[in-house]
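**Q**
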Amino acid sequence: MHDGWYYVVTREKVFRIRQEGDELFYEGASDNFIRHFFGFDEDYAAIKKQLKKDAVLADAIKQYPGLRIIKQDPWECTVFFLCSQFSNIKKIKRNLDLIAEKFGKEIIFKGKKFFTFPPPGAINDLKKLKKCSVGFRAKYILAVNNAVSDEFFARLRKLSYIEAKEELMKLPGIGEKVADCILLFSLDFTESFPVDVWMERVMKENYAVTLPLRKMSFFGREKWGKLAGYAQQWLYHWKRLHKNP
DNA sequence: ATCCAGGAATTTT
DNA sequence: AAAATTCATGGA
């Protein structure tokens, strides 16, 4: 955030965006990119109407009506969640900033310096990677970096949710939760329902679900279908920020 | 100082 | 098959 603009770097792209009232201004990205990135073609009014039938979600949506799922770059999203295990969001962001500095390209946009995120295959130096304070996750990042490509992620989009998830979970460091996050946040599988410690708390405290963590993801998909991912985001956000009712 | 953080792999019951 | 342990690092 600077001078009223939000600067966004995603993979090799940098753009800035600003809202005035109900008008949106942006520079550095095409209309189509912006539409997909923010999901402006998705009918959020209809999604919210449907999810509000659930009492807990009704409260979450009331408190955070503007919440959206941003469509991230699949590879960058993968590295993010490879870094996520046993860590926290602030530190993960720092990990990705360091990776961009050491492996990405410097670009100047509107007189400001940014670093692009390196493409698959470019994170090929274990020593440099270790300096990004990713710790024991370095071996996973390196292995996945060598195993995937942009084409790999493009192929996943054509598979079913189950098939795509199985493919992701073959990769080292990617379990059920990380796979679900990649599918939801970057590959348009809106039925994905990632379950982490926070979602486990929501399920137990607000839905009286005591299934093993592994089966909670299935529970969410059964309950909300193609809208499970949206439900997950509202519940997750609500549980993290909202004081317990 | 001690504890914990958007989990997954490995080892032990 | 399920439960416990281990895995680096930084911030509170």
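Reading the first sequence from the start, the letters are residues 3 to 247 in my numbering. All C-beta atoms in this analysis are idealised placements derived from N, C-alpha and C, irrespective of residue type, glycine included. These numbers come from a predicted model, not from an experiment.
#1: According to DSSP, Q21 sits in a beta bridge with which residue or residues?
#2: Quick check: the region 106-116 against the region 10-18, are at least 3 beta-carbon pairs closer than 8 Å?
#3: Just to confirm, are A166 and L185 a CB contact at a threshold of 9 Å?
#4: Here's the rule I'm using: 16 or more other beta-carbon atoms within 10 Å means buried, otherwise exposed. How should I101 be labelled?
#5: What does a CB cutoff of less than 6 Å around M205 pick up in its chain, not counting 5 residues either side in sequence?
#6: Please report the straight-line C-alpha distance between G6 and E44, rounded to a whole angstrom.
#7: Taking the C-alpha atoms as reference points, what is the distance between G41 and G227?
#8: Please tell me whether, using a cut-off of 8 Å, the distance from the CB of A181 to the nearest non-hydrogen atom of the ligand MN is below it.
#9: With a threshold of 6 Å on Cβ separation, who are the neighbours of P120 within its own chain once the five nearest residues in sequence on each side are excluded?
#10: Closer than 7 Å by C-beta to N246: which residues in its own chain qualify, once you throw out the five before and the five after it? Chain order, please.
#11: Assuming contact is defined by CB atoms lying nearer than 9 Å, are W180 and S32 in contact in what I supplied?
#12: Whole angstroms is fine: what's the gap from W236's alpha carbon to A124's?
#13: Who are the near neighbours of H244 in its chain, counting only those whose CB is closer than 6 Å to its CB and skipping five residues on each side?
#14: Taking the beta carbon of K241 as the centre, do at least 16 other beta carbons fall within 10 Å, making it buried, or is it exposed?
#15: Considering Cα atoms alone, identify which of L213, N97, Q234 and L59 is closest to T192.
#16: Which whole-angstrom value is the C-beta distance of L215 and E202, which I expect to be below 8 Å?
#17: Which whole runs of the beta strand (DSSP E) in the region 28-111 are 3 residues long or more, in chain order?
#18: I'd like the list of long-range same chain contacts for N97, defined as Cβ closer than 6 Å, with 5 residues on each side in sequence excluded.
#19: Kindly indicate the opening and closing residues of the beta strand (DSSP E) around K1.
#20: Would you report the Cα separation of A230 and A145, rounded to the nearest angstrom?
#21: Residues in its own chain within less than 7 Å of K115 by CB, not counting five upstream and five downstream?
#22: In its own chain, which residues sit with a C-beta less than 8 Å from the C-beta of A62, not counting the 5 before and 5 after it?
#23: When the Cα of F220 is compared with those of D152, F195, P67 and W200, which residue comes out closest?
**A** For this structure:
#1: Position 19 of the first sequence, counted from the start, is the residue given in the question as residue 21. BP columns for Q21 point to L26.
#2: Counting C-beta pairs closer than 8 Å gives three or more between the region 10-18 and the region 106-116, which meets the contact rule.
#3: Within the first sequence, the letter at position 164 stands for residue 166. Within the first sequence, the letter at position 183 stands for residue 185. Cβ atoms of A166 and L185: closer than 9 Å.
#4: What you label residue 101 is simply residue 99 of the first sequence in a count that begins at 1. The residue is buried, with at least 16 neighbouring Cβ atoms inside 10 Å.
#5: Sequence index remark: in the first sequence, residue 205 carries index 203 (1-based). Setting aside the 5 residues that flank it on each side, M205 is surrounded in the same chain by V211 and M218, each with a C-beta closer than 6 Å to its C-beta; the list follows chain order.
#6: For the purposes of this step, residue 6 is taken as the residue at position 4 of the first sequence. For the purposes of this step, residue 44 is taken as the residue at position 42 of the first sequence. For G6 and E44, the gap between their C-alpha atoms comes out near 26 Å.
#7: Within the first sequence, numbered from 1, the residue matching residue 41 stands at position 39. Within the first sequence, numbered from 1, the residue matching residue 227 stands at position 225. Within the model, the alpha-carbon separation for G41 versus G227 is close to 19 Å.
#8: For the structure depicted, the ligand MN is absent and the ligand set is empty, with no information on it obtainable.
#9: Here the question's residue 120 lines up with position 118 in the first sequence. Only residues of its own chain outside the window of five on either side were considered, and among them F105 and G106 have a CB closer than 6 Å to the CB of P120, listed in chain order.
#10: On the first sequence, residue 246 is found 244 positions in, with the first residue counted as 1. For N246, the predicted model reports a pLDDT of 46, less than 50, meaning its position is unreliable; a value from the coordinates is still stated below. If we look at N246 and ignore the five residues flanking it on each side, it has no Cβ neighbours.
#11: As a working mapping, residue 180 is identified with position 178 in the first sequence. As a working mapping, residue 32 is identified with position 30 in the first sequence. In the sequence as displayed, the identity of residue 180 is Val instead of Trp. Their beta carbons are not under 9 Å apart, which means V180 does not touch S32 by this criterion.
#12: Here residue 236 is taken as the residue at index 234 of the first sequence, counted from 1. Here residue 124 is taken as the residue at index 122 of the first sequence, counted from 1. About 35 Å.
#13: Position 242 of the first sequence, counted from the start, is the residue given in the question as residue 244. Correct list: empty, nothing qualifies.
#14: Along the first sequence, one-based indexing puts residue 241 at 239. Classification of K241: buried, given that the 10 Å Cβ count is 16 or more.
#15: Numbered from its first residue, the first sequence carries residue 192 at position 190. Checking every option, the nearest Cα to that of T192 belongs to Q234.
#16: Indexing the first sequence from 1 puts residue 215 at position 213. Indexing the first sequence from 1 puts residue 202 at position 200. That pair is a contact at about 6 Å.
#17: Taking 3 residues as the minimum length, the beta strand (DSSP E) runs contained wholly in the region 28-111 are 108-111, in order along the chain.
#18: Working through the first sequence from its first residue, we reach residue 97 at position 95. Contacts found: C85, C134 and V136.
#19: Because the chain spans 3 through 247 in this model, residue 1 falls outside it and cannot be assessed.
#20: On the first sequence, residue 230 is found 228 positions in, with the first residue counted as 1. On the first sequence, residue 145 is found 143 positions in, with the first residue counted as 1. Rounded to the nearest whole angstrom, the C-alpha separation of A230 and A145 is 31 Å.
#21: The residue you call residue 115 lines up with position 113 of the first sequence. Beyond the five residues adjoining it in sequence on each side, K115 comes within less than 7 Å, by CB distance, of E108 in the same chain, given in chain order.
#22: Here residue 62 refers to the residue found at position 60 when the first sequence is read from its first residue. Here the set comprises W236, L237, H239, W240 and H244.
#23: Translated into positions along the first sequence, residue 220 becomes position 218. Closest option to F220, Cα to Cα, is F195.
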